[in-house]
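Please read the structure below before turning to the comments.
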Amino acid sequence: MIVNPIAGIGGRLALKGSDGDLAARALAADAVPLAATRAAQALAAIGAPVELLTAGGAMGEALGGTVVYRPCETSSADDTQAAARAMLEAGIDLLLFAGGDGTARDVMAAVGESVPVLGIPAGVKMHSAVFATSPRAAGALIADLTRRGRIDTVAADVLDRPAPDAPPILYGVLRTPADALRLQPAKASPPADDAAAIEAACRQVARELAEPGVVGVIGPGSTMRRLKALLGFDGSLLGVDIVDGGSLVAADADERTILSAIAGRDARLALGVVGGQGFLLGRGNQQISPAVVRNIGRANIRVVAGMEKLVALPGNRLLVDSGEPELDALLAGYLPVRTNGGRLAMTKVAAA
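Taken in order, the sequence shown gives residues 1 to 352; the numbers are from the UniProt record's numbering.
Okay, here's the thing in structure tokens:
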């Protein structure tokens, strides 16, 4: 087990990752690291005896097991790679890491395809196909592997954005355990005709958000950016924007700004769907935190997605990975999705 202690640390602050100086900015703003907590959730879900090797300090020592590598006081990508190589030399069966796409790239650089790898989603973006859908799914998958006594693997794409506003690109592959439902696919680009097909659906939601007295929290993504354009402003592609009566009041808002805007108000939450993966929450929109969702309420969530995107979803379901299992369970069930021609498609929502 390798934990990237700064993975995802800026998510609720509306930062787009932890690369470069973003982690330092998040720490200066008293952001709370979550990667170790998500790693512990995965281990707790295994429920079977495993021999655990870890890196020292914040990179996993508190999880128990045998420390095989000690990082510098402030860990770096070099420490992730060195820890991965030390574990490979120790003869591991599976390399488990808690982090995001950047951590996956570091692991790939260290071990290549020489050992199966499984990611516990703890970053902001997580476009790659090496991650379980949630920490609990990672633990359940490992429990199955221990019962079977073998690991069947598939090649999984490692994707990352070279810059916050750049499209994700393919850096290589890792071998991951074969599991169609517990592993998330790589993020897919929207179909070429998706934007035109959901024009009517976006207009329906735009009219609702433009009603006097309604505060709208609009998530990231190309579909939501189209909705923002219909409301009359050039919205952020990767950020969460807030409107009041249809007028922009906050762009690229963080969790604190969103909570302040919706306090005591009639609020709506508009979300798109991550193509190829089906995530509503927990991928690139961590500023829409459990506290935000609870304040807005399940009944006030509006989802927009093209029919092609919906029918291509693995397991024909939408996924939520909010970080709080209780909230994920509350959101599970069926939600109406506004789709092609403004029609409604009742779509299953499941905890990741």
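Every residue gets a Cβ at the ideal spot worked out from N, C-alpha and C, and that includes glycine.
Since this is a predicted model, take the numbers as computed values, not measurements.
DSSP places ILE9 outside both helix and strand once states are collapsed to three, so it counts as coil. Going by beta carbons, ALA305 and VAL337 fall inside the 8 Å limit. Exclusion of the five residues before and after GLY64 leaves LEU52 as the residues of its chain whose Cβ lies within less than 7 Å of its Cβ. The secondary-structure analysis by DSSP pairs ASP266 across a beta bridge with VAL214.
Between GLY119 and GLY213, the alpha-carbon positions lie close to 43 Å from each other.
Here the alpha carbons of LEU209 and SER222 stand approximately 18 Å from one another. The beta carbon of ALA178 lies closer than 7 Å to those of ASP152, THR153 and VAL154 in the same chain, with the five residues before and after it left out. ASP241 carries a strand assignment under DSSP once its states are collapsed to helix, strand and coil. THR339 is not a Cβ neighbour of ALA332, given a cutoff of 8 Å. With a cutoff of 8 Å on beta-carbon distance, GLN287 and ILE262 are scored as not near each other.
Nearest C-alpha to VAL107 among ALA44, GLY56, VAL3 and ALA90: VAL3.
The alpha carbon of THR80 has as its nearest neighbour, out of PRO168, GLY100 and ALA42, the alpha carbon of GLY100. Classified as exposed, THR74 has fewer than 16 neighbouring CB atoms from the shown chains inside 10 Å of its CB. LEU34 has its alpha-carbon roughly 11 Å from the corresponding atom of VAL124. Within the same chain, and ignoring the five residues on either side of ALA58 in sequence, the residues whose Cβ sits closer than 6 Å to its Cβ are PRO5. One thing to note: PRO314 has its Cβ within 8 Å of the Cβ of LEU181. Rounded to the nearest angstrom, the Cβ distance from GLY282 to ASP321 is 3 Å, consistent with a contact under 8 Å.
If one requires a minimum length of 3 residues, the beta strand (DSSP E) runs lying completely within the segment 158-205 are 169-177, in chain order. Secondary structure in the segment 112-164: the beta strand (DSSP E) runs of 3 residues or longer, each lying completely within the stretch, are 117-121 and 153-160 in chain order. ARG298 is positioned such that its CB atom lies closer than 8 Å to that of LEU330. Residue burial annotation: ASN316 is exposed, with fewer than 16 other C-beta atoms found within 10 angstroms of its C-beta. Rounded to the nearest angstrom, the Cβ distance from THR103 to ALA7 is 6 Å, consistent with a contact under 8 Å. The criterion of a C-beta distance shorter than 8 Å is not satisfied by VAL67 and LEU88. In the assembly as shown, SER76 is an exposed residue. Its beta-carbon has fewer than 16 other beta-carbons within 10 Å. Excluding its 5 nearest sequence neighbours in each direction, ALA82 has C-beta neighbours in its own chain below 7 Å: TYR69, listed in chain order.
Ranked by how close their Cα comes to the Cα of ALA350, the residues ASN295, ARG136 and ASP254 have ARG136 in first place. DSSP, reduced to helix, strand and coil, places ALA350 within a strand of the structure shown. A residue is called buried once 16 or more other Cβ atoms fall within 10 Å of its Cβ, and LEU170, having fewer, is exposed. As the crow flies, the alpha-carbon of ASP252 is around 27 Å from that of GLU326. In this model, ILE301 and ILE242 are separated by some 14 Å (Cα to Cα).
For PRO325, the enclosing alpha helix (DSSP H) covers residues 325-331.
Around the C-beta of PRO162, fewer than 16 other C-beta atoms lie within 10 Å, and the residue is accordingly described as exposed. Nearest in C-alpha terms to ALA122, of all of ARG265, LEU335, ALA138 and GLU113, is ALA138.
When secondary structure is reduced to three states using DSSP, SER260 falls in the helix class.
Across the set VAL32, THR176, GLY172 and PRO167, the C-alpha of THR176 shows the shortest separation from the C-alpha of LEU94.
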